[in-house]
Amino acid sequence: MSAVGTMSTTVVWLHIVVLAVATYAIRSSFIGLFSYFDMPAPIEKPLDLVAPAVLAGLAVPPLVFRDGGYHLSPTNPFLVAGVVAGIVAWRTESLIGTIASGFLVFYAISTLL
Amino acid sequence: MIYSVSLAPIFHSYSRLRKGVYAFLVADPLFALSVPRFRTDEEGESHWYYFGGGVSLWGFWVLGMVIGAGAGIEVPESFPIELVLPLVLIAMLFPVLEDRPSVATAVVAGGVATLAAPLDYNLGLLLAVTCGVAVGVTLNR
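Read top to bottom, the protein sequences are chains A and B.
If you count the first sequence from 1, position 92 lands on 108 in this note's numbering, and the numbers rise without skipping.
If you count the second sequence from 1, position 141 lands on 157 in this note's numbering, and the numbers rise without skipping.
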């Protein structure tokens, strides 16, 4: 908070505007680009696999790699919660059920150990 | 940027205004929820699903920040905030697994991302997505 405290309002707004433009440019980059070109067919098909790849790539590491080290043991509450939530998600495809079961397992293990 | 590539062919036929607004709304959960919907879309109406979801997410996100920051609410130490994102992502992952190549993609990407987790600048995720998609494409042939 102290960093913001020493900055003038103008500088803060400048940061906000620059970051807004940058993040919007990234998000719209290819959507805009392929308005002018057709997406080549060999690229279009693999894009179906992007969703599973990104979701798995983001979901798994924080459960296993924590505080700069790997925790691949059944006493790691994050890992066990993730595995149980995975089974629930697979069986029910329910968002609420998945999150609830994950937290339930997390607290159960944290309390028991 | 990965989402932008992925959404580009879907948004291809939309007007410039619609593309501009939809690009503004891109976010992880919206992408994950909309992709299966776009894939099975026959009437071409799924973009309203995307729009509605995007506006709701954006609204609640901003509202949440205003309330959280404005009221100075702190997350209690005991609450495992790092668990929320993985659980939400896991819930959104299974609906997009529809055949063996997509399952293989997810398994490889999850594994590679974990092995590469010590790398800086999110390089692990880029590596994971590249390896996962490569394996999935190979299996699709």
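Backbone N, C-alpha and C define an ideal beta-carbon position, used for all residues, glycine too.
All values reported here derive from a predicted model rather than from experimental measurement.
Test: residue i CB closer than 9 Å to a CB of chain B
{"i": "valine 37 (chain A)", "result": "no"}
{"i": "proline 62 (chain A)", "result": "yes"}
{"i": "threonine 25 (chain A)", "result": "no"}
{"i": "tryptophan 106 (chain A)", "result": "yes"}
{"i": "alanine 101 (chain A)", "result": "yes"}
{"i": "leucine 128 (chain A)", "result": "no"}
{"i": "serine 89 (chain A)", "result": "no"}
{"i": "isoleucine 47 (chain A)", "result": "yes"}
{"i": "aspartate 54 (chain A)", "result": "yes"}
{"i": "alanine 75 (chain A)", "result": "yes"}
{"i": "phenylalanine 32 (chain A)", "result": "The residue asked about is misnamed: residue 32 (chain A) is isoleucine in this sequence, not phenylalanine. By this cut-off, isoleucine 32 (chain A) is not an interface position."}
Distance between beta carbons of residue j and residue i, contact taken as under 8 Å
{"i": "phenylalanine 110 (chain B)", "j": "alanine 101 (chain A)", "result": "No, phenylalanine 110 (chain B) and alanine 101 (chain A) are not in contact; Cβ-Cβ is about 10 Å, not under 8 Å."}
{"i": "serine 20 (chain B)", "j": "valine 42 (chain B)", "result": "7 Å"}
{"i": "alanine 129 (chain B)", "j": "leucine 141 (chain B)", "result": "6 Å"}
{"i": "phenylalanine 47 (chain B)", "j": "lysine 35 (chain B)", "result": "Actually they are not in contact, since the Cβ atoms of phenylalanine 47 (chain B) and lysine 35 (chain B) sit about 15 Å apart, beyond 8 Å."}
{"i": "proline 78 (chain A)", "j": "leucine 143 (chain B)", "result": "16 Å between Cβ atoms; not a contact."}
{"i": "glycine 73 (chain A)", "j": "valine 145 (chain B)", "result": "6 Å"}
Outcome for residue i when other beta-carbon atoms lying within 10 angstroms are tallied against a minimum of 16
{"i": "isoleucine 106 (chain B)", "result": "buried"}
{"i": "glycine 86 (chain B)", "result": "exposed"}
{"i": "proline 134 (chain B)", "result": "exposed"}
{"i": "leucine 33 (chain B)", "result": "exposed"}
{"i": "glycine 98 (chain A)", "result": "buried"}
{"i": "phenylalanine 95 (chain B)", "result": "exposed"}
{"i": "alanine 125 (chain B)", "result": "buried"}
{"i": "aspartate 64 (chain A)", "result": "buried"}
{"i": "arginine 107 (chain A)", "result": "exposed"}
{"i": "phenylalanine 76 (chain B)", "result": "exposed"}
{"i": "methionine 108 (chain B)", "result": "buried"}
Element boundaries [alpha helix (DSSP H), containing residue i]
{"i": "threonine 26 (chain A)", "result": "25-52"}
{"i": "valine 42 (chain B)", "result": "Where valine 42 (chain B) is concerned, there is no enclosing alpha helix (DSSP H), given that its DSSP letter is neither H nor E."}
{"i": "glycine 148 (chain B)", "result": "139-156"}
{"i": "tyrosine 19 (chain B)", "result": "18-27"}
{"i": "glutamate 60 (chain A)", "result": "57-60"}
Chain A contact for residue i (CB, 9 Å cutoff)
{"i": "tyrosine 137 (chain B)", "result": "no"}
{"i": "serine 6 (chain B)", "result": "Not covered by the structure: residue 6 (chain B). The range shown for chain B is 17 to 157."}
{"i": "methionine 17 (chain B)", "result": "yes"}
{"i": "phenylalanine 67 (chain B)", "result": "no"}
{"i": "arginine 55 (chain B)", "result": "yes"}
{"i": "valine 91 (chain B)", "result": "no"}
{"i": "glycine 75 (chain B)", "result": "no"}
key: Minimum length 4: unbroken alpha helix (DSSP H) runs contained in the stretch 71-134 of chain B   = 100-109 and 116-131
message = Which runs of the alpha helix (DSSP H) at least 4 residues long sit entirely within the stretch 65-110 of chain A? Give them in chain order.
response = Here the runs fully enclosed are 66-75, 77-80 and 93-108.
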